[in-house]
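Accompanying notes for the structure given below.
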Amino acid sequence: MQQLTQKLGSGEMIIQDVPYPQVGKGMVIVKNHYSLISAGTEGSTVQAARKSLIGKAKERPQQVKQVLDVLKKQGPVQTYRAVTKKLDAYSPLGYSSAGEVVEVGEGVTEFKVGDKVACAGAGYANHAEIVSVPVNLCVKLQEKSDLKNAAYNTLGAISMQGVRQADLRLGESCVVIGLGLLGQLACLILKASGVNVIGVDISDAAVDLAVKNGAVDHGFSRNTGGIEDKISNVTNGIGADAVIIAAATSSLDPVNFAGAVARKKGKVVVLGAVPTGFDRDPYYYRKELELKMACSYGPGRYDLDYEEKGMDYPVAYVRWTEKRNMEAFQYLLNTERINIDYLTTHEFDFDDAPKAFDLVVNKTEPFIGLALKYNSEKEQLKDPVSTNSSKPAGNINISFIGAGSYAQGNLLPNLPDTKEVQRIGVLTNNGTTSKRVAEKFNFEFCASREEDVLDIKTNTLFVATRHDSHGSYVLKGLKSDKNIFVEKPLCLNQEELEEIAQEQARSGKAIMMGVNRRFAPFSKTVKKKIGNGPMSMIYRINAGAIPKDTWIQDMEIGGGRIIGEACHFIDYLTFINGSKPVKLSANALPDPQGLNDTANILLQFENGSTGVVAYYANGAKELPKEYIEIYSSGTTAVINDFKELKIYGKGKPSKKKLLNQNKGQKEMVESFMEHLIKDGSSPIPFEELYAVTKASFKVLESIKNAGAQVEI
Numbered sequence: 001m002q003q004l005t006q007k008l009g010s011g012e013m014i015i016q017d018v019p020y021p022q023v024g025k026g027m028v029i030v031k032n033h034y035s036l037i038s039a040g041t042e043g044s045t046v047q048a049a050r051k052s053l054i055g056k057a058k059e060r061p062q063q064v065k066q067v068l069d070v071l072k073k074q075g076p077v078q079t080y081r082a083v084t085k086k087l088d089a090y091s092p093l094g095y096s097s098a099g100e101v102v103e104v105g106e107g108v109t110e111f112k113v114g115d116k117v118a119c120a121g122a123g124y125a126n127h128a129e130i131v132s133v134p135v136n137l138c139v140k141l142q143e144k145s146d147l148k149n150a151a152y153n154t155l156g157a158i159s160m161q162g163v164r165q166a167d168l169r170l171g172e173s174c175v176v177i178g179l180g181l182l183g184q185l186a187c188l189i190l191k192a193s194g195v196n197v198i199g200v201d202i203s204d205a206a207v208d209l210a211v212k213n214g215a216v217d218h219g220f221s222r223n224t225g226g227i228e229d230k231i232s233n234v235t236n237g238i239g240a241d242a243v244i245i246a247a248a249t250s251s252l253d254p255v256n257f258a259g260a261v262a263r264k265k266g267k268v269v270v271l272g273a274v275p276t277g278f279d280r281d282p283y284y285y286r287k288e289l290e291l292k293m294a295c296s297y298g299p300g301r302y303d304l305d306y307e308e309k310g311m312d313y314p315v316a317y318v319r320w321t322e323k324r325n326m327e328a329f330q331y332l333l334n335t336e337r338i339n340i341d342y343l344t345t346h347e348f349d350f351d352d353a354p355k356a357f358d359l360v361v362n363k364t365e366p367f368i369g370l371a372l373k374y375n376s377e378k379e380q381l382k383d384p385v386s387t388n389s390s391k392p393a394g395n396i397n398i399s400f401i402g403a404g405s406y407a408q409g410n411l412l413p414n415l416p417d418t419k420e421v422q423r424i425g426v427l428t429n430n431g432t433t434s435k436r437v438a439e440k441f442n443f444e445f446c447a448s449r450e451e452d453v454l455d456i457k458t459n460t461l462f463v464a465t466r467h468d469s470h471g472s473y474v475l476k477g478l479k480s481d482k483n484i485f486v487e488k489p490l491c492l493n494q495e496e497l498e499e500i501a502q503e504q505a506r507s508g509k510a511i512m513m514g515v516n517r518r519f520a521p522f523s524k525t526v527k528k529k530i531g532n533g534p535m536s537m538i539y540r541i542n543a544g545a546i547p548k549d550t551w552i553q554d555m556e557i558g559g560g561r562i563i564g565e566a567c568h569f570i571d572y573l574t575f576i577n578g579s580k581p582v583k584l585s586a587n588a589l590p591d592p593q594g595l596n597d598t599a600n601i602l603l604q605f606e607n608g609s610t611g612v613v614a615y616y617a618n619g620a621k622e623l624p625k626e627y628i629e630i631y632s633s634g635t636t637a638v639i640n641d642f643k644e645l646k647i648y649g650k651g652k653p654s655k656k657k658l659l660n661q662n663k664g665q666k667e668m669v670e671s672f673m674e675h676l677i678k679d680g681s682s683p684i685p686f687e688e689l690y691a692v693t694k695a696s697f698k699v700l701e702s703i704k705n706a707g708a709q710v711e712i
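Mapping of the sequence shown onto the UniProt record's numbering: position 514 corresponds to residue 514, and the numbering continues sequentially without gaps.
Here it is in structure tokens:
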């Protein structure tokens with residue numbers, strides 16, 4: 001299938017073949033008939049991509065700061081990889097479309113193949129022939145629905161949420177500042193609700209368009225003399241009950257003008273992208289105005305449970321969610337309470353999409369709505385997309401499932417470039433990512449189906465997906481007789497772990513988990529100096545806080561931070577002392593959110609060693625993240641953030657310092673490849689991976705039981 005993409009670095013925009021999307025749980029696959037170009041949001045994205053690097057940096061100072069932080073902590077190599085990955089990536093465009101359902105995923109009951117639907121969401125409702133969309137970002141349409149108008153779905157819901165935030169009653173008045181697409185839609189919705197609508201824009205043409213098509217009762221250019229008095233007159237001297245700001249500007253004029261025309265105790269709703277540093281006096285303070293934000297499509301937006309898991313909010317408590325806003329917008333279209341035909345000023349065939357964006361950026365002629373039309377009769381295949389020529393099989397033939405930021409920064413660049421190691425296929429949830437990774441790292445193809453990367457040619461599978469799929473992919477790989485490299489954690493529950501252990505024993509294949517710190521140069525030095533045997537160890541991690549709504553904190557998807565990350569540090573202490581953990585107890589700081597990510601874990605090992613993993617999410621950002629102390633037979637080793645090593649013992653303390661942090665990612669991949677080539681083994685015995693993974697599960701059990709000691 002084909003998709004419109006753009007590179008942030010060069011601004012290059014192309015329509016290219018990418019893998020057909022996977023139909024995940026709670027998802028529907030939709031064949032687009034139309035998608036809508038949002039001239040405001042997408043236009044600014046395209047314009048930014050076409051600027052020089054200096055121009056991009058000026059527009060995004062916060063991202064520049066993030067780059068400098070990475071440079072300071074991780075050094076130039078990792079920073080370069082992170083920046084080039086972002087600049088070279090194929091970024092999908094689009095977030096509002098309409099078409100027909102061609103597949104439904106597991107658990108989907110409200111849609112069936114053949115249904116007409118409208119879709120929403122950046123990264124979902126893309127400008128592409130085929131899209132995969134979660135059920136709560138997709139609404140069913142009537143058979144008679146006009147799919148071109150239905151493609152306004154996202155912008156209609158955004159405007160609807162702005163109107164709901166204004167909370168107006170029949171006969172009240174509202175000023176809409178900014179008469180672009182969002183503003184025009186907001187005016188139409190307000191008008192259909194019986195509200196007296198006053199439209200204002202800096203463009204006379206935009207005002208005339210709204211007046212001509214009955215979107216407003218009164219329209220004024222912002223530069224009209226005495227505009228505040230005119231608005232006062234058409235509101236019977238009261239002022240506007242509410243003002244919706246649908247403009248996009250860096251100027252403070254919209255928010256201050258809103259204060260001037262609103263009535264006392266009125267509302268100002270920010271729907272567009274404008275600054276809110278308003279003048280307190282005379283308007284906002286003296287009128288006691290209420291300033292409100294409209295969050296995108298409505299309640300549910302940015303909620304992982306709602307958008308990705310398909311959990312709905314009870315209608316009795318949350319009457320209007322983002323999906324119900326979309327449904328309400330489509331209802332207005334179907335019942336002809338609003339007519340948006342006039343908004344589509346241009347229609348382009350999908351093949352001409354780059355020309356449409358040239359119009360948006362260059363503004364060669366007036367426009368409002370730009371629709372892309374797709375060839376809905378075209379047959380869509382799920383075949384792999386070739387990216388490089390096929391090569392003779394090597395000893396190790398690698399395919400990747402999942403290839404996000406970490407894989408692109410730490411795994412893929414460290415694969416050996418030899419005839420013994422060949423690169424076969426890439427499969428990710430995002431077809432554009434699959435395509436770019438396969439091209440950049442010289443894989444033969446990018447895939448749509450699991451079976452394409454689990455075929456006989458692949459003998460080694462790298463799994464770098466979200467945590468909830470690790471266990472199932474490891475099992476599928478073992479059952480297909482593949483060697484496995486899986487990013488931590490190995491899996492999310494004991495049942496999966498036992499299945500993996502049984503399948504590994506049957507197949508005899510190597511399993512490697514991405515616990516890289518044991519491969520760091522400092523770790524090897526410490527191991528050589530201290531050796532095995534009873535020792536005392538402390539590993540303090542200043543992990544920093546991660547919001548509860550982040551996927552890693554979700555127990556079903558990420559497993560939480562103990563399972564998802566603390567396994568790193570349990571593994572490290574296991575490696576250093578040379579024996580497996582056998583008992584542990586753990587206590588977490590009381591947390592009303594129940595995250596358990598500030599915890600002390602006391603471990604006991606087979607050889608009598610003891611260790612403490614102090615995993616803290618409540619520390620200062622300025623403190624280095626990781627600090628390790630190891631005590632054994634009169635020798636003490638101290639590692640500070642994998643940049644500095646000190647060993648105390650007999651004689652003068654030895655000290656080593658690195659210019660850049662090295663946590664062993666490169667050495668980890670190299671070691672795995674070397675072991676596979678040599679004898680098909682893993683550098684970490686499976687028994688250790690099993691014990692470490694089980695220990696991470698037991699930590700949560702101990703925390704739940706008030707720090708009770710548990711056996712592993």
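Note that the Cβ used here is the ideal one computed from N, Cα and C, for glycine as well. Fair warning: this is a prediction, and the values are worked out from it, not measured in the lab.
- In this structure, Ser97 and Ala125 form a Cβ contact; the two beta carbons are roughly 4 Å apart against a cut-off of 8 Å.
- Taking C-beta atoms as the reference points, Pro581 and Ile563 fail to come closer than 9 Å.
- Here Met512 is buried, its C-beta having at least 16 other C-beta atoms within 10 Å.
- In the DSSP assignment, Arg423 forms a beta bridge with Ile398.
- Within the model, the alpha-carbon separation for Asp279 versus Lys292 is close to 16 Å.
- Per the coordinates, the alpha-carbon of Thr610 lies some 33 Å from the alpha-carbon of Ser469.
- The segment 377-389 makes no contact with the segment 405-421: fewer than 3 CB pairs, one atom from each, lie closer than 8 Å.
- In chain order, Ala403, Val426 place their CB closer than 6 Å to the CB of Val437, counting only its own chain and leaving out the 5 sequence neighbours on each side.
- CA-CA distance, Asp341 to Leu36, rounds to 13 Å.
- Distance from the CA atom of Ala215 to the CA atom of Pro366, rounded to whole angstroms, is 19 Å.
- For Gly266, the enclosing beta strand (DSSP E) stretches over residues 262-270.
- It is roughly 12 Å from the alpha-carbon of Asp591 to the alpha-carbon of Ile703.
- Cβ-Cβ distances below 7 Å link Ser671 to Phe519, Pro683 in the same chain, with the five nearest sequence neighbours on each side left out; the list follows chain order.
- Within the same chain, Ile541, Asp641 come within 6 Å of Glu626 by CB-CB distance, once the 5 residues on both sides are set aside.
- Beta-bridge partners assigned by DSSP to His346: Leu370.
- Fewer than three beta-carbon pairs drawn from the segment 230-238 and the segment 248-259 are found closer than 8 Å, and the two stretches are therefore not classed as touching.
- Cβ neighbours of Arg423 within its own chain (closer than 6 Å, five residues either side excluded): Ile398, Asn442, Phe443.
- Rounded to whole angstroms, the gap between the alpha carbons of Gly531 and Pro521 is 15 Å.
- Here the C-alpha atom of Val102 lies approximately 6 Å from the C-alpha atom of Val30.
- The C-beta distance from Gly298 to Glu322 rounds to 4 Å, short enough to meet the 8 Å contact threshold.
- In the DSSP assignment, Pro581 is bridged to Phe605.
- Of all C-beta pairs linking the segment 177-187 to the segment 245-252, three or more are shorter than 8 Å, placing the two stretches in contact.
- Burial state of Thr418 is exposed, judged by a 10 Å Cβ sphere holding fewer than 16 other Cβ atoms.
- C-alpha of Val104 to C-alpha of Gly310: approximately 14 Å in a straight line.
- Counting only unbroken stretches of 3 or more residues, the beta strand (DSSP E) elements lying wholly within the segment 617-655 are 626-632, 635-640, 644-648, in sequence order.
- The bridge partners DSSP lists for Ala118 are Ala98, Val139.
- Beta bridge pairing from DSSP links Glu711 with Lys583.
- When DSSP states are grouped into helix, strand and coil, Phe278 belongs to the coil group.
- With fewer than three CB-CB distances shorter than 8 Å, the segment 496-515 does not count as touching the segment 546-561.
- Between the alpha carbons of Lys378 and Ala128 lies a gap of roughly 13 Å.
- With a minimum length of 4 residues, the unbroken runs of alpha helix (DSSP H) contained wholly in the segment 178-231 fall at 181-192, 204-212.
- When DSSP states are grouped into helix, strand and coil, Phe441 belongs to the coil group.
- At a Cβ-Cβ threshold of 9 Å, Ala122 and Val139 do not count as neighbours.
- CA-to-CA, the gap between Pro76 and Thr693 works out to about 33 Å.
- Between Arg449 and Gly558, the beta carbon gap of about 25 Å keeps them out of contact (Cβ cut-off 8 Å).
- For Tyr473 against Arg517, the beta-carbon gap comes to about 23 Å, at or over 8 Å, which does not count as contact.
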